[in-house]
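**Student:** Be aware that the sequence shown starts at 3, since it is given in the numbering used here, and climbs by one per residue.
All C-beta atoms in this analysis are idealised placements derived from N, C-alpha and C, irrespective of residue type, glycine included.
None of the values given here were measured: they were computed from a predicted structure.
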Amino acid sequence: MTVQVAPLAEALDMLCPMHLHLDAGGRIVHAGPTLCKVLSGGLVGREFTQVFELERPRKVRTIAQLLQTAGQKLHLRLRTPPHTRVKAVLAPHPLGSGALVDMSFGISILDAVRDFTLSSADFAPTDLTIEMLYLVEAKSAAMEASRLLNERLQDAMLRVEEQAYSDTLTGLKNRRAFDHLLGHLLEGRQDFALMQLDLDFFKQVNDTLGHAAGDHVLQTVAAIMREETRGDDIVARVGGDEFILVFPGLVNRSRLDEVAARLIERIREPIPFAGKNAAISASGGVVRSVDYIAPTVDALLGDADTALYASKDAGRGRVTFHLDLPKSRSA
């Protein structure tokens, strides 16, 4: 029975797509389709050692010595970038001189798949690489699904946390958030000023223009407060028409006067709603942490409230510093 070389090469291409046929001089006679893809073709006629660097066994230096390594595991590296490492085994050619070399990427398979855009079609159907690629694809799909799920969970948690610490009508911090942040400032012994503001004549807006108008006024006032404060300032709605602003690091009296004046002036401007104007003002009380030996939440809020009602008693539409009140005492 005579076996033709061409059918043998075709069979090897199917069974061992990463094989080489070397002649007796170490030149490449034929290359499997996957190696042609990896090395961009043009292999036939080139010397094996021009394409691959033999890393082990180290004693092999010549083609003659290479052809004597039949059955041994060879450790090779591509001489061209990305210098991928491969494992190989050599066997004498069954139909004449020369040798057949079968190769595998080994642990470099994932790098090779990425670098050379390989797929399952580039490997023998029974190659365990196929199973590993399936596992990698499954793992990648599972990790992507897990990532997306984690993102959704984190987004949901952030939304829940934001809702738990936000006033739904105005988008400002709520009382829970304010208590937490103020406690954090006190624990850190950071200097700050606290301003408590109440809206004047807000009940009349609700009574004459309706609650929708009242909601619009609250949202407008909240927007004014955000515009007139810094990014790290705390602006919270703690009651129906009650607000508290905290200014970390700001205790300079003249600057606080300026902030208060801008807030009072802007809130005093008529707020249009459904063809009518809602007329309100704001009264406030201010305390500074530096005016206390050991400031506490109760002392700060109590004194700010006292200063606020002093503003209301003085005619409303103004801000009073607790330190300016007669017989003001620091806690």
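1. What did DSSP end up calling A126 once you bin it into helix, strand or coil?
2. With contact counted as at least three CB pairs below 8 Å, one residue from each stretch, are the region 294-311 and the region 210-228 in contact?
3. Tell me which residues share the same chain as V292 and place their Cβ nearer than 6 Å to its Cβ, disregarding the 5 neighbours each side in the sequence.
4. Beta-carbon within less than 6 Å of A262's beta-carbon, same chain only, minus the 5 sequence neighbours each way: which residues are those?
5. Drop a sphere of 10 angstroms on the beta-carbon of A101, count the other beta-carbons inside from all chains shown, and report buried for 16 or more, exposed for fewer.
6. What are the start and end residues of the beta strand (DSSP E) that includes H23?
7. Please determine, among Y294, R257 and L247, the residue with the shortest C-alpha to C-alpha distance to L310.
8. Is the beta carbon of D117 closer than 7 Å to that of P94?
9. Pull up the distance between the alpha-carbon of R232 and that of I226, whole angstroms please.
10. Consider the Cβ of I226: report whether some Cβ of chain C lies at a distance smaller than 7 Å.
11. In whole angstroms, give me the CA-to-CA distance for A179 and V299.
12. Can at least three beta-carbon pairs, one atom from the region 198-207 and one from the region 266-284, be found at a separation below 8 Å?
13. Please say whether A284 and V207 have beta carbons closer to each other than 7 Å?
14. Residues in the same chain with beta-carbon distance under 8 Å from S99, minus the five sequence neighbours each way, listed in chain order, please.
15. In its own chain, which residues sit with a C-beta less than 8 Å from the C-beta of L78, not counting the 5 before and 5 after it?
16. Rounding to the nearest angstrom, what Cα-Cα distance links Q6 and L97 in this structure?
17. Measuring straight from C-alpha to C-alpha, what distance separates D113 and I65?
18. Between the Cα of V313 and those of L327, L184 and L302, spot the shortest distance and give me the residue it belongs to.
19. Hey, A214 and L174: beta-carbon distance below 7 Å or not?
20. For T36 and H21, I'd like the C-alpha separation in whole angstroms.
21. Please list, in chain order, all residues of the same chain as I273 whose beta carbon is under 6 Å from its beta carbon, the five residues on each side excluded.
22. How is P328 classed by DSSP in three states: helix, strand or coil?
23. Put H186 into one of helix, strand or coil per three-state DSSP.
24. Within this structure, are the beta carbons of G34 and E49 separated by less than 7 Å?
25. I'd like the list of long-range same chain contacts for G40, defined as Cβ closer than 6 Å, with 5 residues on each side in sequence excluded.
26. Output needed for Q52: all residues of its chain with C-beta closer than 6 Å, excluding positions within five of it in sequence on either side, in chain order.
27. Around the C-beta of G286, are 16 or more other C-beta atoms found within 10 angstroms, so that it is buried, or is it exposed?
28. Just list the residues that DSSP pairs Q192 with in beta bridges.
29. Taking the Cβ atom as the reference point for each residue, do D32 and A11 lie within a distance shorter than 7 Å?
30. Considering only the alpha carbon of each residue, which of V289, G242, E230 and D243 lies closest to E260?
31. Determine the burial state of H182: buried for a count of at least 16 other Cβ atoms within 10 Å of its Cβ, exposed for fewer.
**Tutor:** To lay it out plainly:
1. coil
2. no
3. D193 and V253
4. Hits under 6 Å: V321.
5. buried
6. H21 to L24
7. Nearest Cα to L310 within the set Y294, R257 and L247: L247.
8. no
9. 12 Å
10. Judged by its chain identifiers, the structure shown contains no chain C, having just a single protein chain.
11. For A179 and V299, the gap between their C-alpha atoms comes out near 14 Å.
12. Output reads yes: the region 266-284 touches the region 198-207.
13. no
14. D25 and A26
15. The beta carbon of L78 is closer than 8 Å to those of F54, E55, L56, E57, R87, V88, K89, A90 and M105 in its chain, skipping five residues each way along the sequence.
16. Here the model assigns Q6 a pLDDT of 48, short of 50, so the residue's position is not dependable and the matter cannot be decided.
17. Take the alpha-carbon of D113 and the one of I65: they are about 29 Å apart.
18. Sequence inspection shows Ser at residue 313; the Val mentioned does not correspond to that position. For S313, the nearest C-alpha among the options comes from L327.
19. Not a contact, by the Cβ cut-off of 7 Å.
20. 8 Å
21. V219, T222 and A280
22. coil
23. helix
24. no
25. For the record, residue 40 in the displayed sequence is Val; it is not Gly. Answer for V40: F118, listed in chain order.
26. So the list is empty, once near-sequence residues are dropped.
27. With at least 16 other beta carbons inside 10 angstroms of its own, G286 counts as buried.
28. Partner(s): none; Q192 has no beta bridge.
29. The amino acid occupying residue 32 in the given sequence is His; Asp does not appear at that position. Cβ atoms of H32 and A11: closer than 7 Å.
30. E230
31. exposed
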